[in-house]
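Take 8 as the starting number for the sequence shown in my numbering and just add one per residue.
Below: one structure, written as structure tokens.
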Amino acid sequence: MFRINFNFVVYRYEAILAIAALILAGSFVVSARDSEYAFASQGYYPYTIALTFDDGPHKIYTDKILDILAGERVPATFFLVGSRIVENPSLVRKISDLGFEIDAHTYSHRNMSKLSDGEIADELLLTRNLIKSFSGQESAYFRPPGGQYNERVLSIAGNLKFSMVLWTVFTKDHEEENPGIIVKKVLAQANNGGVVLLHSGRLPTIEALPEIIRELRSRGYRFVTISELEHSDDSANTPWLKNALTLAAKKGING
8 MFRINFNFVV YRYEAILAIA ALILAGSFVV SARDSEYAFA SQGYYPYTIA LTFDDGPHKI
68 YTDKILDILA GERVPATFFL VGSRIVENPS LVRKISDLGF EIDAHTYSHR NMSKLSDGEI
128 ADELLLTRNL IKSFSGQESA YFRPPGGQYN ERVLSIAGNL KFSMVLWTVF TKDHEEENPG
188 IIVKKVLAQA NNGGVVLLHS GRLPTIEALP EIIRELRSRG YRFVTISELE HSDDSANTPW
248 LKNALTLAAK KGING
């Protein structure tokens, strides 16, 4: 196993020279889109975004996602289901060994707002303990299945030192069969400090992933994990967690 170094080299002065070259070549008007492509082509990524994958680990598709992310040197966050961790423990170790972040998506993928207080706590703690056992990671975040939660869920999770994470980019890839549409939805909704919701168990998502990465990079996006996003400069400028909660609540279900 190997660990990926996700550091990016920033050549701001080269980006400026690239834009200047466009002007000298006759492109006297440089649009915002042109400048983003120039920045990205020089390794300067002015925006951040987090790719997140729910419902794994999947015995067939998680490996394929890992291959793409590792090959492209893209960090990501996996929200894993506890019962599937039990079925595929080696994949949990692989996700962690490759340097990806792992967080909780409950144990049984039930609607948390309909569970008792004890069941809510069990769903979170069982999953956190399994993640710790098989990866060594301490999960600080959780995502409720379907984005379904209430104040009781938030209170219990908070007492257990969990922060809830939803999303700002909702592709409906859990039901979409056309990879191109998944890509278009990501690009249409992408925002600085955004959180993209994708799923681990579907082929169209895997087919869309390389183009999602390529197109976001070309627009000046740097990929980060959820914990990196929370502690980045963009968290001060973009209330990413609040936005994720609000937008996900508006857009609905199926996380």
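A virtual CB, placed ideally from N, CA and C, is assigned to each residue, including glycine.
Residue i versus the options, residue with shortest Cα-Cα distance
i: residue 96; options: 180, 118 and 70; result: 70
i: residue 202; options: 122, 175 and 134; result: 175
i: residue 116; options: 73, 155, 107 and 143; result: 155
i: residue 233; options: 204, 124 and 67; result: 204
i: residue 112; options: 184, 151, 145 and 194; result: 151
i: residue 87; options: 106, 206 and 105; result: 206
i: residue 166; options: 179, 98, 173 and 147; result: 147
Residue i vs residue j beta-carbon contact at 8 Å
i: residue 53; j: residue 91; result: no
i: residue 169; j: residue 149; result: yes
i: residue 189; j: residue 217; result: no
i: residue 162; j: residue 102; result: no
i: residue 228; j: residue 56; result: yes
i: residue 114; j: residue 94; result: no
i: residue 79; j: residue 219; result: no
i: residue 99; j: residue 138; result: yes
i: residue 134; j: residue 108; result: no
Inter-residue spacing [alpha-carbon to alpha-carbon] between residue i and residue j
i: residue 182; j: residue 140; result: 32 Å
i: residue 199; j: residue 110; result: 22 Å
i: residue 164; j: residue 128; result: 7 Å
i: residue 230; j: residue 121; result: 34 Å
i: residue 119; j: residue 159; result: 9 Å
i: residue 187; j: residue 235; result: 28 Å
i: residue 43; j: residue 213; result: Below a pLDDT of 50, predicted positions are generally treated as unreliable, and residue 43, at 46, falls in that range; the measurement from the model is reported next regardless. C-alpha separation (whole angstroms): 26 Å.
i: residue 223; j: residue 59; result: 14 Å
i: residue 144; j: residue 106; result: 10 Å
i: residue 153; j: residue 62; result: 11 Å
i: residue 209; j: residue 226; result: 26 Å
i: residue 132; j: residue 195; result: 36 Å
i: residue 157; j: residue 171; result: 11 Å
i: residue 179; j: residue 215; result: 13 Å
i: residue 192; j: residue 184; result: 13 Å
i: residue 197; j: residue 173; result: 15 Å
i: residue 67; j: residue 239; result: 33 Å
i: residue 75; j: residue 104; result: 15 Å
i: residue 77; j: residue 89; result: 24 Å
Residue(s) in a DSSP beta bridge with residue i
i: residue 108; result: 84
i: residue 60; result: 85 and 205
i: residue 230; result: 56
Chain D within 8 Å of residue i, Cβ atoms only
i: residue 77; result: Looking for chain D here will not work: only one protein chain is present.
Complete beta strand (DSSP E) runs within the region 143-220 (minimum length 3 residues, chain order) = Listed in chain order, they are 201-206.
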